[in-house]
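Written out below as structure tokens is the structure these notes cover.
2 protein chains.
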Amino acid sequence: MAYRTVPHHLRRGEQNLPDYRHINPQGLVPAAEIDGQIFTQSLAIIEYLDETRRDPPLLPEDAAGRARVRALSQIIASDVHPIDNLRVLNYLRGPLGQPDEAVARWYNHWIGEGFQALEALLSKSRHTGRFCHGDTVSIADVCLVPQIINAKTYALDLSPFPTVKRIADAALLLPAFERALPANQEDAE
Amino acid sequence: MAYRTVPHHLRRGEQNLPDYRHINPQGLVPAAEIDGQIFTQSLAIIEYLDETRRDPPLLPEDAAGRARVRALSQIIASDVHPIDNLRVLNYLRGPLGQPDEAVARWYNHWIGEGFQALEALLSKSRHTGRFCHGDTVSIADVCLVPQIINAKTYALDLSPFPTVKRIADAALLLPAFERALPANQEDAE
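These protein sequences, in sequence, are chains Y and S. Numbering-wise (the working numbering), the first sequence opens with residue 430 and increments by one. Numbering-wise (the working numbering), the second sequence opens with residue 430 and increments by one.
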């Protein structure tokens, strides 16, 4: 589908400006205007797109498969990403006065915890294929790849997570993932 | 539906014992055995129950309504709960050596950030009713009430969040929410 990107510079705090807070009172990205309405929270946005477009489908047909994909997604979207989000790192640096080394350890600790769980779940399941669930891309892959990119920020060793890495490598061969890389965004510096 | 609870004492670390890690490699509660399969991640479990039982329905019929309920739920389930989870508080106390007062401020800070966003979204929307979405309980209420209970741990002032508080009060009049209170669990101390 056609879309227009409106970038907000997070390190300059543009997500907290009144104009953006009016769109998303939480002051977090992304917010998406679709079908004339504002949607927030990445997983809710993706599920809306899946329910209204389903092109390509990003969730399996069966309820148990959907639950598996949602759980894998939430391991990243609930239990890694929010703990490593910029506002949390800023709280560690500011109110808690933590040095950069401690922030780097924090960052990798939570990615590592998430990847450890994902590796166990992915490596042992007959549902895992070329991607997290079978051989087609699902929401779980959409959540996984950004954390692989983040893991490079502080040089996390990925060797304990071979299945996670293999799936991310497969996803990054696809043009849609390639186009979504941070360096390929219009406001990349 | 009938269910059997198997409690794990989190402060004693029972969620990290091998037997439980075998069920849920992430070492977090809950894990639910339903229809002969193990499910993890609270929102994924609730959506599975909604898809397979829908008694009562916990998501609206329309895609935009579902996206709104999911976004409200994720403000809690992604952006409050995981940051205030026991393992994160333990990291603050342990590796970061933070005193109890700093941990208490951290805890309330993230509940406050979440409630501020929820208050703005709930108080301004025509979709808000007796509960977060209309006059029937949804996943958003299921996520909201536990945080109201948590907010009492460190005595967070709820007066800036009147809509949030009104909805939680309404939910707590229902027997299902009353039965789910921490004090009413079989292993409560």
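Ideal Cβ positions, reconstructed from N, Cα and C, are used throughout, including at glycine.
Looking at the DSSP output, S/GLY563 shares a beta bridge with S/THR557. Runs of the alpha helix (DSSP H) lying entirely within the segment 504-530 of chain S, each at least 4 residues long, are 515-522 in chain order. It is roughly 43 Å from the alpha-carbon of Y/GLU490 to the alpha-carbon of S/PRO589. By the 16-neighbour rule on beta-carbons within 10 angstroms, Y/HIS438 is exposed. Only ASP464, GLN466, PHE468, THR469, GLN470, SER471, LEU472, ALA473, ILE474, GLU476, TYR477, GLU480, THR481 from the segment 464-486 of chain S bring a Cβ to less than 9 Å from some Cβ of chain Y. It is roughly 20 Å from the alpha-carbon of S/TYR477 to the alpha-carbon of S/PHE606. Per DSSP, reduced to three states, the secondary structure at S/GLU443 is helical. DSSP places Y/PHE468 within a strand segment (E or B) once states are collapsed to three. Listed along chain S, no residue sits closer than 8 Å to Y/GLN444 by beta-carbon distance, the nearest being about 12 Å off. Between the segment 442-454 of chain Y and the segment 524-542 of chain S, the count of Cβ pairs shorter than 8 Å is below three; the stretches do not touch. Between S/SER502 and Y/PRO511, the CB-CB gap reaches or exceeds 8 Å. For S/ALA580, the enclosing alpha helix (DSSP H) starts and ends at 568-580.
Residues of the segment 519-541 of chain S with a C-beta less than 9 Å from any C-beta of chain Y: TYR520, LEU521, PRO524, LEU525, GLN527, ALA531, ARG534, TRP535, HIS538, TRP539, listed in chain order. Its Cα nearest to that of Y/MET430, the residue Y/PRO485 stands out among Y/THR469, Y/GLU530, Y/PRO485, Y/ASN453. Under the three-state reduction of DSSP output, S/GLU618 falls in the coil class, being neither helix nor strand. Using a 10 angstroms sphere on the CB of S/HIS562, the tally of other CB atoms reaches 16 or more, which defines it as buried. Between Y/ILE463 and the set Y/GLY456, Y/THR481, Y/TYR449, the nearest pair of CA atoms involves Y/THR481. Under the Cβ distance rule, Y/PRO454 counts among the residues neighbouring chain S, one pair being separated by less than 8 Å. Below the 9 Å Cβ cutoff, chain S contributes no neighbours of Y/ARG595, its closest Cβ being approximately 18 Å away. When only Cα atoms are considered, Y/VAL593 and S/TYR520 end up about 25 Å apart. For the set Y/GLN545, Y/ASP570, Y/ARG595, the Cα lying nearest the Cα of S/ASN453 is the one of Y/GLN545. The beta-carbon of S/VAL458 is placed no less than 8 Å from the nearest beta-carbon of chain Y.
Cβ proximity to chain S below 9 Å picks out ALA496, ARG497, VAL498, ARG499, ALA500, LEU501, SER502, GLN503, ILE504, ALA506, SER507, ASP508, VAL509, HIS510 from the segment 496-510 of chain Y.
Residue pairing by DSSP places Y/ILE463 opposite Y/GLN466 in a beta bridge. The Cβ atoms of S/ILE504 and Y/GLN455 sit closer than 8 Å to each other. Look at Y/ALA492: its C-beta is under 8 Å from a C-beta on chain S. ALA546, ALA549, LEU550: these are the residues of the segment 542-558 of chain S whose beta carbon lies less than 7 Å from some beta carbon of chain Y, given in chain order. With a cutoff of 8 Å on beta-carbon distance, S/VAL509 and S/LEU518 are scored as not near each other. In this model, S/ARG495 and S/ALA597 are separated by some 20 Å (Cα to Cα). Against chain S, the beta carbon of Y/VAL574 has no neighbour under 7 Å; the closest one sits roughly 18 Å away.
Between S/VAL435 and S/ALA569, the alpha-carbon positions lie close to 25 Å from each other. Taking a beta-carbon distance threshold of 8 Å, S/VAL571 does not count as an interface residue toward chain Y.
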